[in-house]
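Participant:
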Amino acid sequence: MVIGSGPILIGQAAEFDYAGTQACRALREEGHEIVLINSNPATIMTDPEMSDALYIEPLTPEFCRRVIQRERPDALLPTLGGQTGLNLATQLAERGVLDEFDVKLLGTPLSSIKQAEDRELFRDLMRAIRQPVPESFIVESEEQLEALLDTMVPDVDGRLIDFPYPRIVRPAFTLGGTGGGIAHNADELWDIGRKGLALSMRGQVMIERSLLGWKEIEYEVMRDSAGACITVCNMENFDPMGVHTGDSIVVAPSQTLSDLEYHMLRSASLAIIQALKIEGGCNVQLAVSPESFDYYIIEVNPRVSRSSALASKATGYPIARVAAKIAVGRTLDEIENQVTGRTKACFEPALDYCVVKVPRWPFDKFTQGDRTLFTQMKATGEVMAIDRTFEAALMKAVRGLEVKQKDLRHARFSGMPEDELQSAVIQPTDERLWAVAEALRRRWSVDRINKLSHIDPWFLTKMQNLIEVEIELVAVAADGESTGRAGLRLSQVIHEAFLIGYPSPTILSLLGVHEGDESGFAQVVRREVERLKVMPVFKMVDTCAGEFESETPYFYGTFELEDDVVSPKHSPEPTEVAK
Numbered sequence: 244m245v246i247g248s249g250p251i252l253i254g255q256a257a258e259f260d261y262a263g264t265q266a267c268r269a270l271r272e273e274g275h276e277i278v279l280i281n282s283n284p285a286t287i288m289t290d291p292e293m294s295d296a297l298y299i300e301p302l303t304p305e306f307c308r309r310v311i312q313r314e315r316p317d318a319l320l321p322t323l324g325g326q327t328g329l330n331l332a333t334q335l336a337e338r339g340v341l342d343e344f345d346v347k348l349l350g351t352p353l354s355s356i357k358q359a360e361d362r363e364l365f366r367d368l369m370r371a372i373r374q375p376v377p378e379s380f381i382v383e384s385e386e387q388l389e390a391l392l393d394t395m396v397p398d399v400d401g402r403l404i405d406f407p408y409p410r411i412v413r414p415a416f417t418l419g420g421t422g423g424g425i426a427h428n429a430d431e432l433w434d435i436g437r438k439g440l441a442l443s444m445r446g447q448v449m450i451e452r453s454l455l456g457w458k459e460i461e462y463e464v465m466r467d468s469a470g471a472c473i474t475v476c477n478m479e480n481f482d483p484m485g486v487h488t489g490d491s492i493v494v495a496p497s498q499t500l501s502d503l504e505y506h507m508l509r510s511a512s513l514a515i516i517q518a519l520k521i522e523g524g525c526n527v528q529l530a531v532s533p534e535s536f537d538y539y540i541i542e543v544n545p546r547v548s549r550s551s552a553l554a555s556k557a558t559g560y561p562i563a564r565v566a567a568k569i570a571v572g573r574t575l576d577e578i579e580n581q582v583t584g585r586t587k588a589c590f591e592p593a594l595d596y597c598v599v600k601v602p603r604w605p606f607d608k609f610t611q612g613d614r615t616l617f618t619q620m621k622a623t624g625e626v627m628a629i630d631r632t633f634e635a636a637l638m639k640a641v642r643g644l645e646v647k648q649k650d651l652r653h654a655r656f657s658g659m660p661e662d663e664l665q666s667a668v669i670q671p672t673d674e675r676l677w678a679v680a681e682a683l684r685r686r687w688s689v690d691r692i693n694k695l696s697h698i699d700p701w702f703l704t705k706m707q708n709l710i711e712v713e714i715e716l717v718a719v720a721a722d723g724e725s726t727g728r729a730g731l732r733l734s735q736v737i738h739e740a741f742l743i744g745y746p747s748p749t750i751l752s753l754l755g756v757h758e759g760d761e762s763g764f765a766q767v768v769r770r771e772v773e774r775l776k777v778m779p780v781f782k783m784v785d786t787c788a789g790e791f792e793s794e795t796p797y798f799y800g801t802f803e804l805e806d807d808v809v810s811p812k813h814s815p816e817p818t819e820v821a822k
């Protein structure tokens, strides 16, 4: 029996349908009959061919019990339906439903789920395996919450210790940071804490010391029943700690970690998944100091998560498929990598490209909504782009958002006073990317923006590269319009713009050439853009960075000079229009 993810919510959208569909196909490959329960009929996984018995019913313990009583499944797979499936499986186990009907819980054991999701058990486990966690207090009642409102609070031995604001509130057993937040004072802590207690399935929240400004890193890890484990992908948040990872721009692989930091965090992630005895996929979130080698474990998702879907698409490694096969007893060295057809799932993916994910927020529809971003997720979708460089991938992702801004220009910030722009750079919002771009356009230093926003200087320098090309295009346009000529400088800048990731429409717009403009300069510019236009070539996403031949890779376009070698069996058939 497979539990679906239910309705589309903030923090839980089509990613879990993608994972569930992969899992159902994988289980069928292994010869298993599937009973699927899902409350959302508008999904791929509820197509009739995906399961042998399908129930479109509310995802509650009562309805699940009735389905189990009727179908009598041998086992339950809960880790592919997001937080909904995980919570439901926990409730069924605690109510004795699984024991009553002799249903085995597949994949990650219930004890491991509880250790990862229960804030107190997780904190104790991390301390037992000597992994650092931020100083924190577990709260399970309003009385306990009230005792923590002061800046001096009692520790486990009753001694008063300094516990300064701001503090992070993290409810247990919730999705997308629901009920959590950042408390800057006692009033905010009281309000957020009470809400978190009400929304947590366990009535439990953790109040922890703030790590605002630290880097946030994620590792996607797989483990099988034999104890073999690999890291599928590591990802780095563009925004520092304090913004939910679902609301942050995310880059894969990480770009600013040293080799020592990368392996230190990788070792920590593998140690955690071994300690939890997770069988399948697991997402580990860590905070890293930008000024030292200090790090803290933030949390672990003992299931296929939203980040798993991103990592799966970014690497080509089918995380949900592999997790499903592990759940029914397969080991990593037995599962074939379908992309290469030559390697096994125990080979860690290698990336020779950069992936950028940019969230999509609904503030164009909810214009009165609070645009401030914090630890509770607000995005309702996301765009993923692949290219050879961060700059080109970022430009692709911005264009893919389907918002008014097709590049790094934003009319709201162009004439904004300095003090307001500074506030826009400091405050995390859905539009901070464009505020940072405007600050760079005004020649603010990378160091100044870093101190205001805590965004890593590496990302700011890459954005500065894009802005420098933009400024040069605008300057060339101004020179050309005043002289009526376009010289070698124009050709050089256009070529540079193509290579860094600007498409033709953006280049023409920055050069001041718009539809219907038939001036002499406009005609020269159009001819130059057409003459210098770099046609995209196509590179493979094959999980192995070209080390092995691939059976079923997929491709991304990039402005480079050489195509990856494509065999005739990979060549797409021309469309009727092309013929």
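Per the working numbering, the sequence shown runs over residues 244 to 822. By construction, the Cβ of each residue, glycine as well, lies at the ideal position given by its N, Cα and C atoms. Note that the coordinates shown come from a computational prediction; the quantities given were computed from them, not determined experimentally.
Can you look up Ser-734 in the DSSP assignment and give me helix, strand or coil?
Facilitator: Helix.
Participant: Could you tell me whether the Cβ atoms of Thr-443 and Gly-422 are closer together than 8 Å?
Facilitator: Note that residue 443 is Ser in the sequence shown here, rather than Thr. The answer is yes: Cβ separation under 8 Å.
Participant: Inspect the beta-carbon positions of Val-719 and Leu-733 and report whether they are closer than 8 Å.
Facilitator: Closer than 8 Å, so yes.
Participant: Between Ile-710 and Leu-616, what straight-line distance do the alpha-carbon atoms span, to the nearest angstrom?
Facilitator: Going by the C-alpha atoms only, they are around 25 Å apart.
Participant: Quick check on DSSP: helix, strand or coil for Gly-424?
Facilitator: Strand.
Participant: For Glu-715, which of Ala-359, Ile-737, Leu-391 has the nearest alpha-carbon?
Facilitator: Cα-wise, what sits closest to Glu-715 is Ile-737.
Participant: Might you give, ordered along the chain, the residues of its own chain that have their beta carbon closer than 8 Å to the beta carbon of Asp-405, omitting 5 neighbours on each side?
Facilitator: Within the same chain, Asp-405 has close Cβ partners Thr-394, Met-395.
Participant: What alpha helix (DSSP H) runs, 4 residues minimum, are completely inside the segment 561-637?
Facilitator: Counting whole runs of 4 or more residues, the segment 561-637 contains the alpha helix (DSSP H) stretches 562-570.
Participant: Taking 7 Å as the cut-off, does the CB of Ser-443 come closer than this to any heavy atom belonging to the ligand GTP?
Facilitator: Absence of the ligand GTP is noted for the structure shown, with no ligands found whatsoever.
Participant: Quick check on DSSP: helix, strand or coil for Ala-740?
Facilitator: Three-state DSSP puts Ala-740 in a helix.
Participant: Assess, as a yes-or-no matter, whether the segment 664-683 is touched by the segment 761-778 under the definition of 3 or more beta carbon pairs within less than 8 Å.
Facilitator: No: the two stretches stay apart, fewer than three of their Cβ pairs being nearer than 8 Å.
Participant: Which class does Gly-727 belong to by DSSP, given the choice of helix, strand or coil?
Facilitator: For Gly-727, the pLDDT reaches just 46, beneath the cut-off of 50, and the residue's location in the model is therefore unreliable, although a value from the coordinates is still provided. Coil at Gly-727, not helix or strand.
Participant: Taking the straight line between their C-alpha atoms, what separation do you get for Leu-302 and Phe-609?
Facilitator: C-alpha separation (whole angstroms): 28 Å.
Participant: Taking contact to mean at least 3 C-beta pairs separated by less than 8 Å, is the segment 560-567 in contact with the segment 492-505?
Facilitator: Contact between the segment 560-567 and the segment 492-505 is absent, because fewer than three Cβ pairs lie under 8 Å.
Participant: Just to check my reading of the structure: Ala-788 and Leu-594 have Cβ atoms closer than 8 Å, yes? What is that Cβ distance to the nearest angstrom?
Facilitator: Indeed they touch by this definition, with Cβ atoms about 7 Å apart.
Participant: Assuming Arg-631 and Glu-803 are in contact, meaning their beta carbons sit under 8 Å apart, how far apart are those beta carbons, in whole angstroms?
Facilitator: Correct: roughly 6 Å between the Cβ atoms.
Participant: Rounded to the nearest angstrom, what separates Arg-685 and Met-783 at their Cα positions?
Facilitator: In a straight line, the C-alpha of Arg-685 is about 38 Å away from that of Met-783.
Participant: Consult DSSP for Ile-404 and reduce its assignment to one of helix, strand or coil.
Facilitator: Looking at Ile-404 - three-state DSSP - the assignment turns out to be strand.
Participant: Can you give me the start and stop residues for the beta strand (DSSP E) that Met-395 sits inside?
Facilitator: 395-397 is the span of the beta strand (DSSP E), which, as asked, contains Met-395.
Participant: In the DSSP assignment, find the unbroken beta strand (DSSP E) run with Cys-525 in it and report its ends.
Facilitator: It spans 523-531 - the beta strand (DSSP E) in which Cys-525 sits, taken as one unbroken run.
Participant: Give me, in chain order, the residues of the same chain whose beta-carbon lies closer than 7 Å to that of Gly-727; leave out the 5 immediate sequence neighbours on both sides.
Facilitator: Only weak support is given to the placement of Gly-727: the predicted model assigns it a pLDDT of 46, under 50, and the value that follows is read from those uncertain coordinates. Gly-763, Phe-764.
Participant: If you scan the segment 467-501 from start to end, which runs of the beta strand (DSSP E) of 3 or more residues do you find wholly inside it?
Facilitator: The qualifying runs are 472-480, 493-495.
Participant: Can you list, in chain order, the residues of its chain whose CB lies under 7 Å from that of Asn-330, leaving out five sequence neighbours each side?
Facilitator: Excluding sequence neighbours, Asn-330 sits near Phe-416, Met-444.
Participant: In terms of DSSP beta bridges, what is Ala-296 paired with?
Facilitator: DSSP, once it has assigned bridges, lists Val-278 as partnering Ala-296.
Participant: Take every Cβ of the segment 249-264, pair it with every Cβ of the segment 281-301, and state whether three or more of those distances are shorter than 8 Å.
Facilitator: Flag = yes, the segment 249-264 and the segment 281-301 touch.
Participant: Just the C-alpha distance for Gln-387 and Ile-425, rounded to the nearest angstrom, thanks.
Facilitator: Near 18 Å, if we compare the C-alpha coordinates of Ile-425 and Gln-387.
Participant: Helix or strand or just coil, what does DSSP make of Arg-691?
Facilitator: DSSP places Arg-691 in helix when its eight states are reduced to three.
Participant: Just tell me which of Glu-305, Val-278, Pro-321 has its CA closest to the CA of Asn-544.
Facilitator: Residue Pro-321 is the option with its Cα nearest to Asn-544.
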